[in-house]
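Asker: The numbering used here numbers the first residue of the sequence shown as 384 and each following residue consecutively.
One structure follows; several queries about it will come next.
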Amino acid sequence: MSLTAGSSAEGGTYPPLDVAALAEAIQGQRLGHPLLYVPAIGSTNTYAFELARDGAAEGTLVTTDDQTAGRGRIGRAWKSLPGSQLALSLILRPRFPPHFLVMASALAVFAAVVDVTGLEPGIKWPNDVQIAGRKVCGILIETSDDFAVLGIGLNVNGSLRDDPELAAKATTLAEACGHAVSREVVAAMLLGRLDALYDALQAGGDAAQRRIRDEWRARLVTLGRRVTLRQDKHTVSGVAEDVNADGGLLLRDDEDRLQTVTWGDVDVDV
Ligand code: BTN
């Protein structure tokens, strides 16, 4: 079967992920093999982490139609949209610092969203992908001494209108572009983009790292904005001036001190 954009069913229910079509679409790539599909699972990241610890190959992909205990950054939960979301976890063995994986994964999702919807997304520091200020994708990277698990949650189809609290800050690709989107197409595009970026980083050298960091920086919608940073119960307000070479956020706080922020959640003040 070949894949065409927008081939998912219209309406509220969606067919299960067409794993054979996805496997065919990503043939020849380093990332996405073996492709392990489980109809329902607690967290694809947790499962992939266990597999990686047991020696699973680089490129192994775990995916599901219903992630019942999805995990987000900073201990948050990630809401499942059964059958209309992408929940992917990749086992990687990067030979480069993890912050480049943060940048590369956000860029890969960014590019796939552009390819599939024609819309103009943005990256909220460090790696949320948004459309018109509302989140469509979250990324959770978990590392160990000799591997990393890259977890990507992308809201593809359906609507969040039944969950007003979530709908205020998040959306789906379908909601944003006005038509259903093939999850297989967007997954294949995302994995293809990521494959190229990951290959360049694994090959080593400053040039690829600098290029990826510069592209990521150019897509950040956070820079130049007044923001509030949350780190657990601690909050800081200020202006997000720039990012450093490692992707740390340079935040000019209200006492005019330039703070380098390496983790946390940033919201643009309205
Ligand atoms: C965030 O925005 O806080 C990150 C959300 C990451 C969600 C994905 S879905 C696939 C993978 N499995 C998980 O449990 N989490 C990630």
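Even glycine gets a Cβ: it sits at the ideal position worked out from N, Cα and C.
So is the beta-carbon of Ala452 under 8 Å away from any non-hydrogen atom of the ligand BTN?
Answerer: yes
Asker: For Arg613, write down the residues that DSSP places opposite it in a beta bridge.
Answerer: Thr618, Asp648
Asker: Three or more C-beta pairs closer than 8 Å, one from the stretch 466-475 and one from the stretch 440-453: is that the case here?
Answerer: yes
Asker: Could you tell me the distance, in whole angstroms, from the CA atom of Phe432 to the CA atom of Val604?
Answerer: C-alpha separation (whole angstroms): 31 Å.
Asker: Can you tell me which of the three DSSP states Tyr420 falls into?
Answerer: Looking at Tyr420 - three-state DSSP - the assignment turns out to be strand.
Asker: Please report the distance separating the alpha-carbon of Asp545 from that of Ala586.
Answerer: 46 Å
Asker: What residue does the beta strand (DSSP E) around Glu433 start on, and which one ends it?
Answerer: Premise fails: Glu433 lies in the alpha helix (DSSP H), 427-436, not in any beta strand (DSSP E).
Asker: In or out: Gln468 buried (at least 16 other Cβ within 10 Å) or exposed?
Answerer: Buried, because 16 or more other Cβ atoms sit within 10 Å of the Cβ of Gln468.
Asker: Using the DSSP secondary-structure output, state which residues sit across from Ala460 in a beta bridge.
Answerer: Ala460 pairs with Arg454.
Asker: Could you tell me if the beta carbon of Lys518 falls within a distance shorter than 8 Å of some heavy atom in the ligand BTN?
Answerer: yes
Asker: Under three-state DSSP, which class holds Gln585?
Answerer: helix
Asker: Using CA coordinates, which residue listed in Gln592, Ala551, Glu558, Ser463 is at the minimum distance from Gly541?
Answerer: Glu558
Asker: Okay, do the stretch 570-590 and the stretch 501-513 touch, 3+ Cβ pairs below 8 Å being the bar?
Answerer: Touching, no, given that fewer than three Cβ pairs across the two stretches are closer than 8 Å.
Asker: Please classify Gln450: is it buried, with 16 or more other beta-carbons within 10 angstroms of its beta-carbon, or exposed?
Answerer: In this structure Gln450 is buried. Its beta-carbon is surrounded by 16 or more other beta-carbon atoms within 10 angstroms.
Asker: What residues in its chain sit with their C-beta under 7 Å from that of Arg635, if we drop five residues either side in the sequence?
Answerer: Gly621, Val622, Glu624, Leu641
Asker: Should Thr447 go down as buried or exposed, given a rule of 16 or more other Cβ atoms within 10 Å for buried?
Answerer: It is buried - the Cβ of Thr447 has at least 16 other Cβ atoms within 10 Å.
Asker: Starting from the Cα of Gly588, find the closest Cα among Pro465, Phe479, Pro398 and give me that residue.
Answerer: Phe479
Asker: Quick test of your reading: Ala491 and Leu419, contact by CB under 8 Å. State the CB separation rounded to the nearest angstrom.
Answerer: Rounded, the Cβ-Cβ distance is 20 Å, inconsistent with contact.
Asker: Select from Val499, Gln513, Ser565 the residue whose C-alpha is nearest the C-alpha of Val649.
Answerer: Gln513
Asker: Run the CB neighbour count on Ser527, radius 10 Å, all protein chains shown included, and call it buried at 16 or more, exposed below.
Answerer: exposed
Asker: For Asp459, does the count of other Cβ atoms within 10 angstroms reach 16, so buried, or fall short, so exposed?
Answerer: The question names Asp, but residue 459 is Arg in the sequence shown. Exposed, by the Cβ-count rule.
Asker: For Met384, does the three-state DSSP call read helix, strand or coil?
Answerer: The pLDDT assigned to Met384 is 34, lower than 50, so where the model puts this residue is not dependable; a value taken from the coordinates is nonetheless given after this. Coil, per DSSP.
Asker: If contacts are defined as beta-carbon pairs under 8 Å, then Val497 and Leu556 qualify, I think. What distance do you get, rounded to the angstrom?
Answerer: Rounded, the Cβ-Cβ distance is 11 Å, inconsistent with contact.
Asker: I think Ser463 touches Gly453, with their Cβ atoms under 8 Å apart; what is that distance to the nearest whole Å?
Answerer: 6 Å
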